[in-house]
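*Asks:* Numbering-wise (my numbering), the sequence shown opens with residue 122 and increments by one. Glycine included, every Cβ here is placed at the ideal spot set by N, Cα and C.
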Amino acid sequence: MDRLSRVNFKISDRKAWSKKVNHEKSAEVIVAMKVL
122 MDRLSRVNFK
132 ISDRKAWSKK
142 VNHEKSAEVI
152 VAMKVL
C-alpha cells in the first residue's frame, strides 16, 4: 500500500505542478509520466 499511495501522490503532485508551468513543460511532464 505504501508504493501505491506514493504513486498516487506523485500523479496528483505532477498534475498540480503541470498547471503551474507552461504548456510546453506540461507536455514534457505528460511524456515523462507516460515513460514512467
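#1: With a cut-off of 8 angstroms on the beta carbons, I'd call Val150 and Arg127 a contact; round off their distance for me.
#2: Residues in its own chain within less than 7 angstroms of Leu125 by CB, not counting five upstream and five downstream?
#3: Between Ala153 and the rest of its own chain, which residues show a CB-CB distance below 6 angstroms, the 5 nearest in sequence each way excluded?
*Replies:* Checking against the coordinates, here is how it stands:
#1: Along the sequence shown, read from residue 1 onward, the residue named residue 150 stands at position 29. Along the sequence shown, read from residue 1 onward, the residue named residue 127 stands at position 6. No, Val150 and Arg127 are not in contact; Cβ-Cβ is about 17 angstroms, not under 8 angstroms.
#2: In the sequence shown, counting from the first residue as 1, residue 125 sits at position 4. Excluding sequence neighbours, Leu125 sits near nothing in its chain.
#3: Here residue 153 is taken as the residue at index 32 of the sequence shown, counted from 1. Closer than 6 angstroms at Cβ, skipping near neighbours: no residue.
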